[in-house]
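Undergrad:
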Amino acid sequence: MILGRDPVSMESNMRLSHWLCCLVVLSLSCGEQVVVRDVPSECGNGEVEGSEACDDGNDNPGDACTDGCKIARCGDGIKRGGEDPQAEGYEACDDGNTIEHDLCRNDCSAARCGDGIRRQDLAEGELGFEACDDGNDADDDACVAGCVPARCGDGLVQLGVEDCDDGNEEDSDGCTNGCQLPGCGDGLVQEGEACDDGNELNDDACLATCAEARCGDGFLRTGLSAEEPGYEACDDGNEVDEDACKSDCSVNVCGDGVIGPGEGCDDGNEDADDACHECRPTSCGDGVVQSGEACDDGNRIDEDACLSNCALARCGDRVIRTDLAPEDDGYEDCDDGDGVDQNGCTNACALAQCGDGIRWGGVEACDDGNREDLDGCTNDCELPACGDELVQEGEACDDGNGEDRDACRNNCSAARCGDGVVRQDLGAEDEGYEACDDGNQVDHDACTNACTPAGCGDGIVGPAEQCDDGNEQNDDGCSNRCELPRCLDGIVQEGEECDDGNMSDHDACTNACQEAACGDAVIYVGVEQCDDGNRIDNDNCTNACEVARCGDAVVGQGEECDDGNDQDDDDCRNNCRLPRCGDGVVQGDETCDDGNRVNSDDCTNVCLIATCGDGFTQLGVEDCDDANDVQTDACLDDCTAASCGDGHVRAGAEVCDDGNDINTDACTDTCVAARCGDGFVREGVKACDDQNVVDQDACTNSCALAACGDGIRRLDLNEGDEGYEGCDDGNDVNTDACLNTCTSARCGDGIVQAGVEECDDQNDVDGDACDNQCQFGLGRSENSPASSCRAILDADAQVTSGVYWLQPNDDPAFEAYCDMTTNGGGWTLVAIITNADGENWNKGSARWVDATDFGNPLDPTTNADAKSKAWNRLQVDEVMIVKQGTGVELQSNDECFSTQTMRSVFRRNSQNDSDCALSCGTQVRTSPWNQDRTDSTLRFRCMDNDSSGSAHGFTWGPNSDNSMFTTLNNGEHSHYNFGFGAGESGDGDGEDFDGTTNDGGDASDQVQRLFYAR
11 MILGRDPVSM
21 ESNMRLSHWL
31 CCLVVLSLSC
41 GEQVVVRDVP
51 SECGNGEVEG
61 SEACDDGNDN
71 PGDACTDGCK
81 IARCGDGIKR
91 GGEDPQAEGY
101 EACDDGNTIE
111 HDLCRNDCSA
121 ARCGDGIRRQ
131 DLAEGELGFE
141 ACDDGNDADD
151 DACVAGCVPA
161 RCGDGLVQLG
171 VEDCDDGNEE
181 DSDGCTNGCQ
191 LPGCGDGLVQ
201 EGEACDDGNE
211 LNDDACLATC
221 AEARCGDGFL
231 RTGLSAEEPG
241 YEACDDGNEV
251 DEDACKSDCS
261 VNVCGDGVIG
271 PGEGCDDGNE
281 DADDACHECR
291 PTSCGDGVVQ
301 SGEACDDGNR
311 IDEDACLSNC
321 ALARCGDRVI
331 RTDLAPEDDG
341 YEDCDDGDGV
351 DQNGCTNACA
361 LAQCGDGIRW
371 GGVEACDDGN
381 REDLDGCTND
391 CELPACGDEL
401 VQEGEACDDG
411 NGEDRDACRN
421 NCSAARCGDG
431 VVRQDLGAED
441 EGYEACDDGN
451 QVDHDACTNA
461 CTPAGCGDGI
471 VGPAEQCDDG
481 NEQNDDGCSN
491 RCELPRCLDG
501 IVQEGEECDD
511 GNMSDHDACT
521 NACQEAACGD
531 AVIYVGVEQC
541 DDGNRIDNDN
551 CTNACEVARC
561 GDAVVGQGEE
571 CDDGNDQDDD
581 DCRNNCRLPR
591 CGDGVVQGDE
601 TCDDGNRVNS
611 DDCTNVCLIA
621 TCGDGFTQLG
631 VEDCDDANDV
641 QTDACLDDCT
651 AASCGDGHVR
661 AGAEVCDDGN
671 DINTDACTDT
681 CVAARCGDGF
691 VREGVKACDD
701 QNVVDQDACT
711 NSCALAACGD
721 GIRRLDLNEG
731 DEGYEGCDDG
741 NDVNTDACLN
751 TCTSARCGDG
761 IVQAGVEECD
771 DQNDVDGDAC
781 DNQCQFGLGR
791 SENSPASSCR
801 AILDADAQVT
811 SGVYWLQPND
821 DPAFEAYCDM
831 TTNGGGWTLV
841 AIITNADGEN
851 WNKGSARWVD
861 ATDFGNPLDP
871 TTNADAKSKA
881 WNRLQVDEVM
891 IVKQGTGVEL
901 QSNDECFSTQ
911 TMRSVFRRNS
921 QNDSDCALSC
931 GTQVRTSPWN
941 QDRTDSTLRF
951 RCMDNDSSGS
961 AHGFTWGPNS
971 DNSMFTTLNN
981 GEHSHYNFGF
991 GAGESGDGDG
1001 EDFDGTTNDG
1011 GDASDQVQRL
1021 FYAR
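Under this note's numbering, think of the first position of the sequence shown as 11, with each following residue one higher.
Below, the structure is given as structure tokens:
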């Protein structure tokens, strides 16, 4: 063999010669080796020689035959010339590689935006860079024109994602920067909105209606401290100051000057000595309604019609009445007194319930207060919705069954022919029955507008009919099969060689009603392998109608190459295709080739082994693949889907993520920040969490364990249960209405309740110093005055001397000193007589009726005054005069005064001494005689005008006959002018009293006398 200029091995030339032998010399045995001598070939001489596939006699590499005498093909790295894209073999480019994602596609077309293949050979910013390519021209999907991802603000509305897109960054122009139509709750303040914080909360500065929160809107604003502007302690939505919540949204409390629920009075001060102390009238509890009291039932029961502070029970006073039946006026189910209407206990003291017209927050979606089910709020306090079995406005029906194929659709419209849903609740004989329903108004398709299947003979030309004359005539131009006369109708017509009446084109009679023949372009099955209808023998079908095959070393029609061998990894595949990514054979730069176009298996469509981060989600291996290493989006950098508990906070979806399922730390296992009320007890932060809004149970709304003294009264226990609280005022004052043991103060608990009780001896003895109403006994307070000191001693023999309250008549009570021990006790101090100042003492009769108080006689600073209220008002029978330091000087022995006041005795209208004399058994112990006289006569000087018409008064002076007190001698009564005297004479008993007194008239005797009466 002679080698030509082409460096082709002898073995190759022999193999080629062998193939040529088999093809040209058909009569030779191909098993016999034929050696053909090589003739030197010259590429470009216009003759195909040696190993040349072609030779067009020129050196133009861009035509059908390259300058290397090879047939031009896409992928050979040589761009074929020509400007007509429609010309056979036209190439826009040819980069000689199998990379589909670069400038030149594998079919030698230029990469372009919109061809469905994203270029990956450019960096962002370079001309021609594609961030996406979805192969369409639509601007309303995720990849818009220009091969850039759709984004809010590009001016293009992405269907299903954006409501609008105006292409600007103006948030208040009708389309927000989030590409959503404006609305209350979008976080943007639009026209007609005072505010918009983007949430549906009614307890912050902006209400869910986009109105600014204000005091009086009926919503309690939270999250502010008491000193911050806008703080509300309550908000009951009204301007009434006298209920639990005042019009300035502060809680009605004792001391604010407003009489609120549960207050008997409120004078706005802390003065314990006025008529109202701690919002309770000082007279409250005596059973008598006095000024400043709305009621007074004399008991300490808070749960009846009259509170213990003498205020009428009413809704909002935080006390639940227990003395009424449900049908009674004033009956209360509850009373939290907080002024909040939406928290389970309404401001009418009724338990919240559906239909009361008050929406219970967190429980009811609505509450219109009526029993009308069809007015926008159902009787279950739910918002109306299709499927709730209630026909609301805009609904034709609502059967609530979820079945779309009955008389009522799932969208609450009445079923009808033409709605696209076939009814299945009717029989064929029932009115409204549908055999089909295609939802259109086309009468000529498979389902007529009467919802019956189209059929031949119904007079309507259906989609499978050429005609339909509605009769059974077969020879009238429209057959009974609804077909026009034609070839293949089974009848040989004029111009037809045959007509077998079937649709098979590959039998002895073609569908053109011609007898089958080689070259008629129709394969006669069982006779012909192929039939291309031409006389070209080197195409895919020979002129003998036999199939050309791959591997015959001839590049036939549909073949890119044909090297005649079975080597699959050379330049021509065994399927006569050029090698490329996706052909199932790993070649060149390919790390894999699985022969498919599936990007979600272990080999991508660019013939690279799938890896995390390549942007393709590998099924069964990866949850996702977003081709980035961002840990805060929906796909982590290990190609697992972001989820709560992965330790990464997903933007926009999670508030926190600590990577554990512990619910007692700062982040719960649902990736929301721990808060009071979430039902989890956070260690070191919360003592409890019962996940409710009830502040009066074992766990308060601040997640602290309920404790006596925290200011919150527990309502979840019955009296007798451990931890039960009758009250809780949150202070450590044990003398107010709530004790430090959280029990309501009551008479008999041993603790004196300030402003309510005068005493509390913790016993049930009613006759001791403290009675069973916790008031001092008879005479011990202004509210329980005695008629006299003797009445006090008669009521309690154990009383001691001191100042007591007396009320001898209907005039107001007064205080007086009572001597409970001297000479049987029960004596009332009515005057103090002294000349200790060494000066005359004179009181004119014109002023004698005036009365002033005086204090304890044992106090030396007390002004000596004979004008006490007891002098003027006490009805007496006996008198006693005591000299300080000496003892009793004079005492009458019998009740000779006949129950008169001392003033009455001294103001007799008489100048006759005998008219002013009273015969009394009298004891006189006047030094130096110390005589006990039991039969003397007690005399006094009448205080009235004398014979001259002059007014007389007592004059105290040394050696004066006008003494306030004197003893008489020898029956002489001339020394008792204007005063008292005692003496005895002429009665035959030989015990006449004789002596001269110096008790009042001697300047050396300036000792105070105490004048008692009883």
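Just so it is clear, CB atoms sit at the ideal spot from N, CA and C, and this is done for glycine as well.
#1: Which of the three DSSP states, helix, strand or coil, is assigned to residue 883?
#2: Cutting at 7 angstroms between CB atoms, please list the residues of its own chain near residue 511, excluding the five before and the five after it.
#3: Straight-line CA distance for residue 815 to residue 780?
#4: What residues in its chain sit with their C-beta under 6 angstroms from that of residue 889, if we drop five residues either side in the sequence?
#5: Pick out whichever of 258, 805, 707 and 766 has its Cα sitting closest to the Cα of residue 731.
#6: Measure the beta-carbon distance from residue 78 to residue 90 and round it to whole angstroms, keeping in mind my assumption that it falls under 8 angstroms.
#7: Taking only three categories from DSSP, how would you classify residue 834?
#8: Quick one: what does DSSP say residue 290 is sitting in, helix, strand or coil?
#9: Buried or exposed: where does residue 635 fall if 16 or more other Cβ atoms within 10 Å of its Cβ makes it buried?
#10: Would you tell me roughly how many angstroms separate the C-alpha atoms of residue 764 and residue 786, rounded to the nearest one?
#11: Give me the DSSP bridge partner(s) of residue 260.
#12: With contact counted as at least three CB pairs below 8 angstroms, one residue from each stretch, are the stretch 705-721 and the stretch 322-336 in contact?
#13: Am I right that residue 65 and residue 76 are in contact with their C-beta atoms under 8 angstroms? What's the rounded C-beta distance?
#14: Tell whether a beta-carbon distance below 8 angstroms holds between residue 198 and residue 174.
#15: Evaluate residue 233 with the Cβ neighbour count: other Cβ atoms within 10 Å of its Cβ, from every protein chain shown; 16 or more gives buried, anything less gives exposed.
#16: Is the beta carbon of residue 655 less than 8 angstroms from the beta carbon of residue 639?
#17: Are the CB atoms of residue 264 and residue 302 within a distance shorter than 8 angstroms?
#18: Looking at residue 289: is its Cβ nearer than 8 angstroms to the Cβ of residue 273?
#19: Given 8 angstroms as the limit, is there contact between the stretch 400-410 and the stretch 374-391, that is, 3 or more CB pairs closer than that?
#20: Taking the straight line between their C-alpha atoms, what separation do you get for residue 802 and residue 359?
#21: Would residue 327 be called buried (16 or more neighbouring beta carbons within 10 Å of its own) or exposed?
#22: Measure the alpha-carbon distance for residue 603 versus residue 623 and round it to whole angstroms.
#23: Measure the C-alpha to C-alpha separation of residue 154 and residue 123 and round it to an integer number of angstroms.
#24: Is residue 513 buried or exposed, if buried means 16 or more other CB atoms sit within 10 Å of its CB?
#25: Hey, how far is the Cα of residue 93 from the Cα of residue 84?
#26: Name the residue from 651, 658 and 363 whose alpha carbon lies nearest to the alpha carbon of residue 3.
#27: Rounded to whole angstroms, what is the Cα-Cα separation between residue 553 and residue 542?
#28: Is residue 323 helix, strand or coil by DSSP?
#29: With H, G and I counted as helix, E and B as strand and the rest as coil, what does DSSP make of residue 654?
#30: If you check the beta carbons only, do residue 82 and residue 73 fall under 8 angstroms apart?
#31: My output table needs one value for residue 361: the three-state DSSP class, helix, strand or coil.
#32: Give me whichever residues DSSP pairs with residue 463 in a beta bridge.
#33: Could you tell me the distance, in whole angstroms, from the CA atom of residue 722 to the CA atom of residue 740?
#34: Out of 369, 841 and 879, which one is the CA nearest neighbour of residue 821?
#35: For residue 525, write down the residues that DSSP places opposite it in a beta bridge.
TA: In terms of the structure at hand:
#1: DSSP places residue 883 within a helical segment (H, G or I) once states are collapsed to three.
#2: 498, 499 and 500
#3: Residue 815 and residue 780 have their C-alpha atoms roughly 15 angstroms apart.
#4: 902 and 1023
#5: For residue 731, the closest C-alpha among the options 258, 805, 707 and 766 is that of 707.
#6: Not quite, the Cβ-Cβ distance comes to about 14 angstroms (not below 8 angstroms), so this is no contact.
#7: Residue state, collapsed to three classes: helix.
#8: strand
#9: Buried, because 16 or more other Cβ atoms sit within 10 Å of the Cβ of residue 635.
#10: Rounded to the nearest angstrom, the two C-alpha atoms are 14 angstroms apart.
#11: None; residue 260 has no bridge partner.
#12: Using a Cβ-Cβ distance cut-off of 8 angstroms, the stretch 705-721 and the stretch 322-336 are not in contact, since fewer than three pairs of beta carbons, one from each stretch, lie closer than that value.
#13: Not really, about 10 angstroms apart at Cβ, beyond 8 angstroms.
#14: Taking 8 angstroms as the cut-off, the Cβ atoms of residue 198 and residue 174 do not count as close.
#15: exposed
#16: no
#17: Taking 8 angstroms as the Cβ cut-off, residue 302 and residue 264 do not qualify as a contacting pair.
#18: yes
#19: yes
#20: Whole-angstrom Cα-Cα distance: 48 angstroms.
#21: buried
#22: For residue 603 and residue 623, the distance between alpha carbons rounds to 19 angstroms.
#23: 10 angstroms
#24: exposed
#25: Taking C-alpha positions only, residue 93 is separated from residue 84 by approximately 16 angstroms.
#26: Residue 3 cannot be examined here, being either before or after the span of the chain that is shown, 11 to 1024.
#27: 8 angstroms
#28: coil
#29: coil
#30: yes
#31: strand
#32: 457
#33: Approximately 7 angstroms, taken between the alpha carbons.
#34: 879
#35: 519
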